Amino acid sequence: MRTKCLCCLCVLLFLLVMFIVTSCATIQEQDQMRLAAVAIADQLGLPKTSQSTDDRFIIFYATELKSGDIVSEGAPFKSLRKAVPEEARWLFVLDKNPLGRFAHDVVYIYLNEDFEIVEQHDAEWMPFVNDQPLFLGEIYRPSFSKIKWNNFELAVSESVVASEVVVSVPANCALVVNGNDPTRYPDVGISKDKEHMEQFYRRFYGENAVRTLDYPNNSKANFENAVDALVQGGAMRVTVYISSHGSRDKLVMGESVLTSEDLRNIIRNHSGTKFYVILDACHSGSFIDDLWYDGLTNLLAIMTATDADHLSYGDCDGKKDPNPEDSGGEWTSGFHETLVSYTSSHIAWDFVRYIASIHYVELEQVLYKMAFDRAWELDCTRISRFSFPQYCGWTPTGEAQ
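All letters in the sequence shown, in the order written, are residues -25 to -1, 1 to 376 by mature numbering (1 follows the signal peptide of the UniProt record, and there is no 0).
This is the structure we're talking about:
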């Protein structure tokens, strides 16, 4: 019996020693990668402390490399593949537009054993190695382990529970879409956007009047089917909200791509139903030409988190942020909060109804215009001129913007 106990004790001691050794090795590697990131910052002459929103940088550690590895740009809209340089030991990523959704400017940096840069090249999406993604989830949280150097404070607010919506608009519906593919691309507030907007519309339109799409069911085909189902269910007006990654005239839609032409055709095919379109993605303003200026008579309004040439952003709690308690996308958070504000008070809602009645427009036309204007004021990235939200629709002057 004593021999058996001693054997068990030896096994436990062995496991404890192995755990300590492994933990120490992991800590040592993490410290080594932080030193490597500092070496990169020194070689590139990056400022140690950001003085403005124009000189913010993050350096991510991607992975250790070996001979034969292939680095590719994890982009849904183009293909870039490159063999690892012979001297390269580690791959890092310099993010030149931190907190921005993709696509945006990053630099792949290859280091040798001595932490010297042996090669670097520009990209717009995070890297894959041997076709495997390296950056998933909320990559801009302070706790994200791959962040090895940054010259500004990362502060991401937690979710704020919305106030109760006390009014409702029957016979209208919403389709709320998280377009991201989380097996390939970072989240950057996209899931939180979908959560907030879904919560609002279920209270505003009713549980049965809202459809949602998430990975893996957020393909372009499923998107079209969801719109069809809402229209066939008798919806007079449909709000389409999409939060995703994007490029000019394109949005990531799960494992597929939704183009501005696709969305235009979907709306055009349902000419008897009125639509509102709300997009939060990089370069989402590029959709306006194909939708608003192409004669879609059943499109009542389109709102985008930025214009055709700029990024949209996850939560940015900078010194200029007038709304530091927000969470999710920087623009969507302000838009959502204002929607809740106007619909959680009978007095505020009566004002919306009054404006709609004297201008002979739909309630959502007034509500969305007010929410857009307030989101404009609350958007830290717009204030810093990183993004430029766009609105086309009804205005109190009677002229569509």
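We put the beta carbon where it would ideally sit given N, CA and C, even for glycine.
Remember, it's a predicted structure, so these values are computed and weren't measured experimentally.
Kindly indicate which residue of Cys257, Phe262, Glu337, Asp269 has the alpha-carbon position closest to the one of Trp306. Cys257
Assuming Tyr160 and Phe262 form a contact by the criterion Cβ under 8 Å, report the distance between their Cβ atoms to the nearest whole angstrom. Contact flag wrong, Cβ pair sits at about 19 Å.
Proximity of Glu91 and Arg212 at Cβ, strictly below 9 Å: no
Residues in the same chain with beta-carbon distance under 7 Å from Gln18, minus the five sequence neighbours each way, listed in chain order, please. Excluding sequence neighbours, Gln18 sits near Ile92.
By Cβ distance below 8 Å, which residues in the same chain neighbour Tyr329 in space, the five residues on each side in sequence not counted? none
Using 8 Å as the threshold, is the stretch 302 to 319 in touch with the stretch 78 to 88, meaning 3 or more CB pairs across them? no
Excluding the 5 residues flanking Thr38 on each side, which residues of the same chain have their C-beta closer than 8 Å to its C-beta? Trp65, Leu66, Val104, Leu109
Reference Gly247, options Glu128, Leu271, Thr234, Leu226, closest by Cα: Leu271
Among residues of its own chain, excluding the 5 on either side of Pro60, which ones have a beta-carbon nearer than 7 Å to its beta-carbon? Only residues of its own chain outside the window of five on either side were considered, and among them Tyr85, Val93, Glu94 have a CB closer than 7 Å to the CB of Pro60, listed in chain order.
Express the C-alpha separation of Leu10 and Tyr366 in angstroms, rounding to a whole number. 46 Å
With 16 other Cβ atoms within 10 Å as the buried cut-off, status of Gln207: exposed
Count the other CB atoms, across all protein chains shown, that sit within 10 Å of the CB of Thr(-4); report buried if there are 16 or more and exposed otherwise. Caution is warranted here: a pLDDT of 43 is assigned to Thr(-4), below 50, making its placement in the model unreliable, and the coordinate value is therefore given only provisionally. Exposed, since its Cβ has fewer than 16 Cβ neighbours within 10 Å.
Quick one: is Trp369 buried, meaning 16 or more other Cβ sit within 10 Å of its Cβ, or exposed? Around the beta carbon of Trp369, 16 or more other beta carbons sit within 10 angstroms, so the residue counts as buried.
Residue closest to Asp282, alpha-carbon to alpha-carbon, out of Ser259, Trp267, Tyr268: Ser259
Return the residue from the list Tyr251, Asp255, Trp267, Thr234 that minimises the CA-CA distance to Val341. Tyr251
Short of 7 Å in beta carbon distance, which residues of its chain neighbour Ser332, apart from the five on each side in sequence? Order them along the chain. Nothing meets the Cβ criterion.
Using CA coordinates, which residue listed in Gly43, Phe35, Val232 is at the minimum distance from Lys121? Phe35
Given Asp265 as reference, the closest of Ala14, Thr234, Gly43, Gly181 once Cα atoms are compared: Thr234
Test item: CB-CB of Tyr216 and Val151 under 9 Å: yes
Quick one: what's got a C-beta closer than 6 Å to Thr1's C-beta in the same chain, skipping five residues either side? The predicted model places Thr1 with a pLDDT of 47, which falls under 50 and marks its position as unreliable; any figure quoted below should be read in that light. Nothing meets the Cβ criterion.
Rounded to whole angstroms, what is the Cα-Cα separation between Phe127 and Thr24? 6 Å
Alpha carbon to alpha carbon, what distance is there between Thr214 and Lys41? 49 Å
Which residues does DSSP list as the beta-bridge partners of Lys225? Ser222, Thr234
Starting from the Cα of Ile322, find the closest Cα among Val140, Met8, Gln5 and give me that residue. Val140
Can you list, in chain order, the residues of its chain whose CB lies under 6 Å from that of Val163, leaving out five sequence neighbours each side? Taken in chain order, the residues that qualify are Arg76, Gly289.
Complete alpha helix (DSSP H) runs within the stretch 297 to 334 (minimum length 4 residues, chain order): 305 to 318, 321 to 334
Backbone CA spacing between Glu173 and His285 [nearest angstrom]: 26 Å
My output table needs one value for Leu342: the three-state DSSP class, helix, strand or coil. helix
Would you check if the distance between the CB atom of Gly49 and the CB atom of Pro102 is smaller than 9 Å? yes
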